[in-house]
Amino acid sequence: MKILLTGGNGQVGWELVRALLPLGEIIAAKRSQTDLADLDGLRRSVQKYSADVIVNAAAYTAVDKAETEQDLAFLINAEAPGVLAEEAKKSGALLIHYSTDYVFDGTKISAYMEDDVPNPVNIYGQSKLAGEQAIQASGVDYVILRTSWVYAARGHNFLKSILRLAAEREQLNIIADQLGSPTWARLIAETTAHILRQSLLERREGGFNSGLYHLTSAGETSWHGFARMIVDVAKQQQNQTVKSRIINPIPTTDYPLPAKRPANSRLATGRLEQHFGLKMPAWDDALKLCMADIADSVHH
Ligand SMILES: NC(=O)c1ccc[n+]([C@@H]2O[C@H](COP(=O)([O-])OP(=O)(O)OC[C@H]3O[C@@H](n4cnc5c(N)ncnc54)[C@H](OP(=O)(O)O)[C@@H]3O)[C@@H](O)[C@H]2O)c1
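As structure tokens, then:
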């Protein structure tokens with residue numbers, strides 16, 4: 001079985017290269033081979049590789065920059081997934097794709113369900129929603145996984161930023177009025193492997209239904225709670241420099257950014273857990289494992 005993976009250098013993609021290994025031959029195409037901003041080239045590449053499964057972990061993820069690069073964000077996040085879906089439909093491949101909590105406006109009081117009506121408040125969210133819709137309209141066999149607040153030992157993310165800032169500054173000011181579930185890229189990748197395996201079995205047996213699922217850690221916190229936990233865990237690690245003593249909670253209005261963010265990013269994962277027989281781990285447990293990995297790699 002051949003699996004074509006885009007975005008293999010990203011947070012989730014890097015983990016997918018490892019987590020999908022036992023499932024088949026992975027073609028982790030370089031950006032030069034599958035540039036999502038070059039739709040004709042992308043189409044030709046997909047045809048050339050003729051994979052059984054396409055896993056699209058590539059995306060335009062610069063949320064604030066998207067406000068001024070709307071066309072590029074839509075090209076990569078909406079049109080390119082549409083091309084992947086069309087080609088997968090033609091060849092009979094299964095498409096696995098990632099989307100985001102930012103498809104919602106964050107005004108709901110409780111966690112969002114898959115069937116809640118999206119209403120993105122920024123360009124990135126709009127482009128990701130358009131990508132979901134292009135895949136759903138194509139008639140391809142698909143699994144769309146919406147995740148949130150992704151971090152990893154590699155790449156640019158909140159965990160890495162807080163570790164850096166905590167080593168430099170006595171005090172940190174962190175937003176406390178946005179809620180979500182920090183989700184480790186490795187958890188996303190390993191959960192994807194379970195989902196892919198079961199989906200392939202279902203397809204073989206004729207019982208597969210395309211679906212949209214929320215995939216995040218269990219539990220919730222704010223960016224402030226996330227930062228506090230990062231600093232607490234880092235303090236317990238011997239080889240981590242921590243200068244920060246005070247972490248101040250601040251409102252979103254005190255930290256203006258080009259793109260608006262939803263206040264509530266919580267995604268309910270019941271549908272995924274039920275369908276695939278999984279139990280998502282608590283966000284802080286996963287965070288500790290990821291931070292142990294980081295500390296270990298510094299130590300050795
Ligand atoms: N990060 C989050 O907090 C978050 C939250 C919710 C959902 N998601 C979704 O989760 C998925 C994975 O995100 P991530 O955090 O792993 O993203 P990431 O670390 O930013 O990685 C994105 C990947 O996409 C690749 N890419 C960007 N433009 C491309 C293009 N034109 N052609 C080919 N490849 C291109 C990048 O390649 P280079 O390495 O060459 O730049 C990189 O490998 C995405 O669908 C994202 O929308 C992310």
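Numbering (this note's numbering), first residue to last: 1 to 300.
Idealized CB from N, CA, C, for every residue including glycine.
Note that the structure is a prediction, hence the values are computed from the model and not measured.
Val53 and Ile144 have their C-alpha atoms spaced approximately 13 Å apart. Assigned with DSSP and collapsed to three states, Ala193 falls in helix. In the three-state DSSP reduction, Gly180 falls in the strand class (E or B). Between Ser297 and Ala153, the gap from beta carbon to beta carbon is short of 8 Å. In this structure, the beta-carbon distance from Val83 to Tyr124 does not fall below 8 Å.
The alpha carbon of Asp105 has as its nearest neighbour, out of Lys90, Leu129, Phe276, the alpha carbon of Leu129. Placement of the Cβ of Lys128 at a distance of less than 7 Å from at least one heavy atom of ligand 1 is found. When DSSP states are grouped into helix, strand and coil, Lys160 belongs to the helix group.
For Val143, the enclosing beta strand (DSSP E) begins and ends at 141–147. Pairing Phe158 with Phe74, the inter-Cα distance amounts to about 24 Å. Straight-line measurement puts the Cα of Glu273 at about 15 Å from the Cα of Ala111.
Counting along the chain, Gln70 sits inside the alpha helix (DSSP H) bounded by residues 70–74.
Between Ser244 and Leu163, the alpha-carbon positions lie close to 10 Å from each other. For Lys2, the enclosing beta strand (DSSP E) has its first and last residue at 2–6. Taken in chain order, the complete alpha helix (DSSP H) segments of 4 or more residues contained in the region 34–118 are 39–49, 70–74, 80–91. A distance of 8 Å or more separates the beta carbons of Ala218 and Met291. At a threshold of 7 Å, Ala37 counts as near ligand 1, since its beta carbon sits closer than that to one of the ligand's heavy atoms.
Approximately 23 Å separates the beta-carbon atoms of Ala28 and Leu72; this is outside 8 Å, ruling out the contact.
Residues of the same chain with a CB within less than 7 Å of the CB of Phe208, apart from the 5 flanking positions on each side, are Asp141, Ser199, Glu202 in chain order.
Judged by the Cβ position, Arg44 fails to qualify as a neighbour of ligand 1 at the 7 Å threshold, every heavy atom of the ligand being at least this far.
Taking Ala185 as the centre and dropping the five residues before and after it, the same chain places the C-beta of Gln11, Val12, Glu15, Val150, Ala152 closer than 6 Å to its C-beta, in chain order.
A distance of 8 Å or more separates the beta carbons of Tyr102 and Ala59. By the 16-neighbour rule on beta-carbons within 10 angstroms, Ser50 is exposed. At least one heavy atom of ligand 1 falls within 7 Å of the beta-carbon of Tyr98.
When rounded, the separation of the alpha-carbon atoms in Lys89 and Gly139 is 7 Å. In the displayed model, Glu220 falls within coil according to three-state DSSP, outside both helix and strand. Residue state for Leu172 is assigned as strand, using DSSP reduced to three classes. When the beta-carbon positions are compared, Ala166 and Val242 come within less than 8 Å of each other.
For Asp105, the distance from the CB to the nearest heavy atom of ligand 1 is not below 7 Å.
Taking the CA atoms as reference points, Val17 sits about 16 Å from Thr34. Non-local beta-carbon contacts of Leu212 in its own chain, meaning distances under 6 Å to residues more than five positions away in sequence, involve Glu114, Ile144 in chain order.
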